[in-house]
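There are 2 protein chains.
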Amino acid sequence: MSKISPLSGFPELLPAQRAVEREVIASLSDTFELHGFANIETRVVEPIDRLAKGGEVDKEIYVLQRIAAEPDAKAELGLHFDLTVPFARYVLEHAGHLEFPFRRFQVQPAWRGERPQEGRYRQFTQADVDIVGRDELPFHHDVEVMAVMVDALGRLPIPRVSFQFNNRKLIQGFYRGLGIADVTDAIRVIDKLDKLPAEEVARMLVERVGTTPEQAQRCLELATIRVADSSLVERVRALGVTDELLDQGLEELAAVVEGCRAVAGDRVDVEANLRIARGLDYYTGTVVEIFMEGYERLKSVGGGGRYDALASDGRTTYPGVGVSFGVSRTLIPLITDGVLSGSRPVPSVALVALNTEDERGTSTAVAGALRTRGIACEVAPSPAKFGKQIRFAERRGIPFVWFVQADGTHQVKDIRSGEQVDADPATWAPPEVDLRPRISSTATSTNTSTPSELEENQ
Amino acid sequence: MSKISPLSGFPELLPAQRAVEREVIASLSDTFELHGFANIETRVVEPIDRLAKGGEVDKEIYVLQRIAAEPDAKAELGLHFDLTVPFARYVLEHAGHLEFPFRRFQVQPAWRGERPQEGRYRQFTQADVDIVGRDELPFHHDVEVMAVMVDALGRLPIPRVSFQFNNRKLIQGFYRGLGIADVTDAIRVIDKLDKLPAEEVARMLVERVGTTPEQAQRCLELATIRVADSSLVERVRALGVTDELLDQGLEELAAVVEGCRAVAGDRVDVEANLRIARGLDYYTGTVVEIFMEGYERLKSVGGGGRYDALASDGRTTYPGVGVSFGVSRTLIPLITDGVLSGSRPVPSVALVALNTEDERGTSTAVAGALRTRGIACEVAPSPAKFGKQIRFAERRGIPFVWFVQADGTHQVKDIRSGEQVDADPATWAPPEVDLRPRISSTATSTNTSTPSELEENQ
Numbered sequence: 004m005s006k007i008s009p010l011s012g013f014p015e016l017l018p019a020q021r022a023v024e025r026e027v028i029a030s031l032s033d034t035f036e037l038h039g040f041a042n043i044e045t046r047v048v049e050p051i052d053r054l055a056k057g058g059e060v061d062k063e064i065y066v067l068q069r070i071a072a073e074p075d076a077k078a079e080l081g082l083h084f085d086l087t088v089p090f091a092r093y094v095l096e097h098a099g100h101l102e103f104p105f106r107r108f109q110v111q112p113a114w115r116g117e118r119p120q121e122g123r124y125r126q127f128t129q130a131d132v133d134i135v136g137r138d139e140l141p142f143h144h145d146v147e148v149m150a151v152m153v154d155a156l157g158r159l160p161i162p163r164v165s166f167q168f169n170n171r172k173l174i175q176g177f178y179r180g181l182g183i184a185d186v187t188d189a190i191r192v193i194d195k196l197d198k199l200p201a202e203e204v205a206r207m208l209v210e211r212v213g214t215t216p217e218q219a220q221r222c223l224e225l226a227t228i229r230v231a232d233s234s235l236v237e238r239v240r241a242l243g244v245t246d247e248l249l250d251q252g253l254e255e256l257a258a259v260v261e262g263c264r265a266v267a268g269d270r271v272d273v274e275a276n277l278r279i280a281r282g283l284d285y286y287t288g289t290v291v292e293i294f295m296e297g298y299e300r301l302k303s304v305g306g307g308g309r310y311d312a313l314a315s316d317g318r319t320t321y322p323g324v325g326v327s328f329g330v331s332r333t334l335i336p337l338i339t340d341g342v343l344s345g346s347r348p349v350p351s352v353a354l355v356a357l358n359t360e361d362e363r364g365t366s367t368a369v370a371g372a373l374r375t376r377g378i379a380c381e382v383a384p385s386p387a388k389f390g391k392q393i394r395f396a397e398r399r400g401i402p403f404v405w406f407v408q409a410d411g412t413h414q415v416k417d418i419r420s421g422e423q424v425d426a427d428p429a430t431w432a433p434p435e436v437d438l439r440p441r442i443s444s445t446a447t448s449t450n451t452s453t454p455s456e457l458e459e460n461q
Numbered sequence: 004m005s006k007i008s009p010l011s012g013f014p015e016l017l018p019a020q021r022a023v024e025r026e027v028i029a030s031l032s033d034t035f036e037l038h039g040f041a042n043i044e045t046r047v048v049e050p051i052d053r054l055a056k057g058g059e060v061d062k063e064i065y066v067l068q069r070i071a072a073e074p075d076a077k078a079e080l081g082l083h084f085d086l087t088v089p090f091a092r093y094v095l096e097h098a099g100h101l102e103f104p105f106r107r108f109q110v111q112p113a114w115r116g117e118r119p120q121e122g123r124y125r126q127f128t129q130a131d132v133d134i135v136g137r138d139e140l141p142f143h144h145d146v147e148v149m150a151v152m153v154d155a156l157g158r159l160p161i162p163r164v165s166f167q168f169n170n171r172k173l174i175q176g177f178y179r180g181l182g183i184a185d186v187t188d189a190i191r192v193i194d195k196l197d198k199l200p201a202e203e204v205a206r207m208l209v210e211r212v213g214t215t216p217e218q219a220q221r222c223l224e225l226a227t228i229r230v231a232d233s234s235l236v237e238r239v240r241a242l243g244v245t246d247e248l249l250d251q252g253l254e255e256l257a258a259v260v261e262g263c264r265a266v267a268g269d270r271v272d273v274e275a276n277l278r279i280a281r282g283l284d285y286y287t288g289t290v291v292e293i294f295m296e297g298y299e300r301l302k303s304v305g306g307g308g309r310y311d312a313l314a315s316d317g318r319t320t321y322p323g324v325g326v327s328f329g330v331s332r333t334l335i336p337l338i339t340d341g342v343l344s345g346s347r348p349v350p351s352v353a354l355v356a357l358n359t360e361d362e363r364g365t366s367t368a369v370a371g372a373l374r375t376r377g378i379a380c381e382v383a384p385s386p387a388k389f390g391k392q393i394r395f396a397e398r399r400g401i402p403f404v405w406f407v408q409a410d411g412t413h414q415v416k417d418i419r420s421g422e423q424v425d426a427d428p429a430t431w432a433p434p435e436v437d438l439r440p441r442i443s444s445t446a447t448s449t450n451t452s453t454p455s456e457l458e459e460n461q
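Here it is in structure tokens:
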């Protein structure tokens, strides 16, 4: 076989790095479940016409064809490029078997054939939480689902994250109250504020959207409101625009920010940022983007919002609200930068040393006894000199080596301290902290805490 | 959107069914980790020339193309059809960063564009454990890796499984000792014994492979040996063939059977079945197929063996031994038949009832207090009459409903028994048995045991 080179856009993790990803996914899943969200997994393929409905992403879809298909056979299936399209289809397909409001989480890869760059891969894992209703979905679920993600990310050993919320009703109501005719177009222009200077954006509002200079000025004033405290309502009211939809959006936004702040702990910021517009097409109320401190270059590491028609089969409409966290987008840069690392590449806490090949049965029995009490271990591959067996453990980060003595008694050595003590395979246990591979994080003050420990401390 | 119909060959699970699959995967992973196997995940795509090396399966590969690719662009990537090809490539690509022998497990979907039938899907999840060495891999790892899967399946609440072992050296040595020239061809004919009558197979051995009738008879006698006790060596020796490779194979087979029987418990059978040949091309020693009682129609639910050249980069060869369990192939028929079911479709143990919409904050605080102690719960979606809120819980299988009384005290009702008692959100805990969704299994005597309980009992 030829030399292997990595496939651009399809990153793979080494075992100790994968341990980090698994712990993070386990922690996210635990939090989602604590909030009553059920896990589902959808197939990875969808009919192309369903994937292409969004329009804008169709260039990035991977289509599938059986290798033995006729050359002119039309491809009918593609890999999903997010978890929202398959979830919407799952809801429609299985609606008769689901209870609404249906609260689900989903952690799966998705695929986009786009140009790879830091944080953007052709295969990437996402973690999504959504609540979907049948015909109706009360607003309080917006608060609920956003608070779940705030809670979940607050438990991860990653750098500080910031949830920046806005509300589409607020923007639309404000623009309508100002008398701007083409609200959608105005939002599209305002969305360029992170790339263009304010004067340029103001000029475009006047020239392209047809606003007056005064209207353009008000739009800019609205878009630059960013508050982390309770002054939001006051700040918006001060702009002097009145509109029923604006009032509703403002009330919703204040409620989301307040509800999220209540569970945010001290490692998550929650702000109202009135420049966030996010995907003009299907969001209809709450919108959010999530940013990570020191990693602003990744743009958002997550986002989501409210969509009044997540799915519809013509008779019934399913409104939804949800938020997605980019697991690969966040973790791969953090792992690459050494911010996150796994404490060891193997689950084993102990290596059971081997005296002679004939005594493998004895060592295997010791390992079996440890395993019945949940202690992961392995038996040395060969009866090498003990020094060599210890180095074998060391290279894998296995903290303990177990010896069966000539007289049938046992000893266990902590190879980090060198301490060696008598031990009984029926009762010995390692310190709790060594039981599983741990995440080392330079992003949190306790730099070897695992997600589950963070959880216990809260 | 149009009416959705299921996509043949791409089964999806409802939430309570998915809970079964998740518990099974968690149990398998726990066991693999107890034995010191590290988890990895490979990307789902491989270069087509690597996938097609096997030859025989190439018709079933799904190839990938970006939807915007030029019409005559050559497809270069395909979805993996098993976890062995990507694992071999992973080992070659990352060898410099791995410690050998490298012990890994992998639980991922794979794809084959074949005709769907019961137990055979176009997307299916497999759980693989393998040990791979650099240049060499001592035989005792055969025993080890097979024993891990025996241990793992013995903890699942599925029908009785049978591990049927053979050894390629034994077969080859026996045929060589008999004086048969084309051993591979003879094995291929003997492999038809499960479809054709013995006389027909004997005739084919004579006519096609060129054996004498006596040689053919001996081959049949060997192939019909199937023993679940220690009489294996004696039975084979009684056929009077002597050969060095036969001796080695016989010794290995006896060791694998004995080592697996030692961990088999009472829900797994371990046998030597000398008819098992399995994939002529790359297995070189131990081979195994796994069958499930009452589901013989699925053929094997898992299998594997020893391959002296799992991977090679020209300079270094990586021998391996491993075994794969068909998660989808096993679980989907068991779920469809009602043998396995999930106790509830949601993780919530408790529904916190809502008195009025204005008191949502109070109920949310109760839920928050329960969650800090690991109790999954959700707040009622609306302040409906309590009877309606209880029925809401009932439909989801949530066993407890929590009430905040007018005087600020709390009560919790077990809606199965109707018993309602005073409770404090800071201290109340449900019975351990209700804490997580459980697997109900008609296949085990304790028909509501979860994998983790089985584990504790062993």
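Protein chains in written order, with the working numbering: chain A, 4 to 461; chain B, 4 to 461.
Note that beta-carbon positions come from the ideal geometry of N, C-alpha and C, so glycine has one too.
Supposed contact pair residue j and residue i - C-beta distance, whole angstroms, cut 8 Å
| i | j | result |
| --- | --- | --- |
| Pro336 (chain B) | Gly12 (chain B) | Pro336 (chain B) to Gly12 (chain B), Cβ: 14 Å. No contact. |
| Thr320 (chain B) | Asp138 (chain B) | 6 Å |
| Ala41 (chain A) | Pro350 (chain B) | 6 Å |
| His38 (chain A) | Glu381 (chain B) | 7 Å |
| Ser444 (chain B) | Thr128 (chain B) | So it is not a contact: roughly 19 Å between Cβ atoms. |
Residue environment, residue i, which counts as buried when at least 16 other CB atoms sit within 10 Å
| i | result |
| --- | --- |
| Arg69 (chain B) | buried |
| Thr447 (chain A) | buried |
| Thr453 (chain A) | Annotation note: pLDDT 46 at Thr453 (chain A) (below 50); position unreliable, coordinate value reported separately. It is buried - the Cβ of Thr453 (chain A) has at least 16 other Cβ atoms within 10 Å. |
| Val259 (chain A) | buried |
| Gln120 (chain A) | exposed |
| His100 (chain A) | exposed |
| Lys198 (chain B) | exposed |
| Pro434 (chain B) | exposed |
| Ala71 (chain A) | exposed |
| Val342 (chain B) | buried |
| Gly329 (chain A) | buried |
Start-to-end residues for the alpha helix (DSSP H) that takes in residue i
| i | result |
| --- | --- |
| Gln175 (chain A) | Arg171 to Leu181 |
| Leu202 (chain B) | It should be pointed out that residue 202 (chain B) corresponds to Glu in this sequence rather than to Leu. Glu202 (chain B) -> alpha helix (DSSP H) spans Ala201 to Met207. |
| Gly297 (chain A) | Run containing Gly297 (chain A): none; DSSP gives neither H nor E here. |
| Asp272 (chain B) | Looking at the DSSP string, Asp272 (chain B) is not in any alpha helix (DSSP H); the run it does join, the beta strand (DSSP E), is Val271 to Asn276. |
Delimiting residues of the beta strand (DSSP E) encompassing residue i
| i | result |
| --- | --- |
| Arg107 (chain A) | Phe105 to Trp114 |
| Gln126 (chain B) | Gln126 to Val135 |
| Ala314 (chain A) | Gly305 to Ser315 |
| Ala353 (chain A) | Ala353 to Val355 |
| Ile462 (chain B) | Because residue 462 (chain B) is not part of the residues shown, which for chain B are 4 to 461, the question remains open. |
Close beta carbons around residue i, own chain, < 7 Å, minus the five adjacent residues each side
| i | result |
| --- | --- |
| Phe389 (chain B) | Ala356 |
| Leu196 (chain A) | Val204, Ala226 and Arg278 |
| Gly297 (chain B) | Pro162 |
| Arg179 (chain B) | Val186, Asp246 and Leu248 |
Contacts around residue i, its chain only, beta-carbon distance under 6 Å, and the 5 residues preceding and following it disregarded
| i | result |
| --- | --- |
| Gly136 (chain B) | Phe103, Pro104 and Pro322 |
| Pro440 (chain A) | Ala22, Gly345, Ser346 and Arg347 |
| Glu458 (chain A) | Only weak support is given to the placement of Glu458 (chain A): the predicted model assigns it a pLDDT of 40, under 50, and the value that follows is read from those uncertain coordinates. Excluding residues within five positions, the ones whose Cβ falls inside 6 Å are Arg158. |
| Asn460 (chain A) | A caution first: Asn460 (chain A) carries a pLDDT of 38, below 50, which makes its placement in the model unreliable, though a value can still be read off. Excluding positions up to five away in sequence, the list is empty. |
| Phe406 (chain B) | Ala356 and Gln414 |
| Gln392 (chain A) | Ala356 and Ala383 |
Cutoff 8 Å; reference residue i; Cβ partners in own chain excluding five residues on either side
| i | result |
| --- | --- |
| Leu67 (chain A) | Val48, Ala78, Leu80, Gly81 and Leu82 |
| Arg419 (chain B) | Pro402 |
| Asp417 (chain A) | Pro402, Phe403 and Gln423 |
| Gly262 (chain B) | Val146, Glu147, Met149 and Ala150 |
Q) Which ranges would you report for the alpha helix (DSSP H) in the segment 14-102 of chain B if only whole runs of at least 4 residues count? A) Counting whole runs of 4 or more residues, the segment 14-102 of chain B contains the alpha helix (DSSP H) stretches 18-37, 51-54 and 87-97.
Q: With a floor of 4 residues, list each alpha helix (DSSP H) that falls wholly inside the segment 359-429 of chain A, ordered by position along the chain.
A: The qualifying runs are 363-375 and 389-399.
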